[in-house]
Amino acid sequence: MIAALSGHASWVLSVDASPDGAAIATGSSDKTVRLWDLGMRAAVQTMSNHGDQVWGVTFRPPGGPGPRAGRLASVSDDKSLSLYDYS
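Start counting the sequence shown at 1; every next residue gets the next number (full-length UniProt numbering).
1) Among Thr32, His50, Arg71 and Tyr86, which residue has its Cα nearest to the Cα of Arg60?
2) Exposed or buried, Thr32, counting other C-beta atoms within 10 Å across all chains shown (16 or more means buried)?
3) State buried or exposed for Ala4, treating a residue as buried only when at least 16 other CB atoms are found within 10 Å of its CB.
4) Rounded to the nearest angstrom, how far is the Cβ of Gly27 from that of Gly56, given a contact under 8 angstroms?
5) Measure the beta-carbon distance from Ile24 to Trp36 and round it to whole angstroms, keeping in mind my assumption that it falls under 8 angstroms.
6) Report buried or exposed for Arg41, applying the criterion of at least 16 other Cβ atoms within 10 angstroms of its Cβ.
Written out as structure tokens, the structure is:
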């Protein structure tokens, strides 16, 4: 094992790596999305806007059409999809 990242209060249900490999996003049954910096091996941001467990997280790389920043999307049992900017 290279590293163990702890911080969620319940099960981790989804994970995705950023296009550059520097970060991971996790979605949990604790209703949060966490953005982890792999170099620091720590959560650098916690998003708590979902009202139910988070089943999916996925990155979209920076560039291309639309805003220049990358996007992170999350989906939840609360029937919502949330979009976040990251850089």
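Note that CB positions come from ideal geometry on N, CA and C, so glycine has one too.
According to the data block:
1) Arg71
2) buried
3) exposed
4) 6 angstroms
5) 5 angstroms
6) exposed
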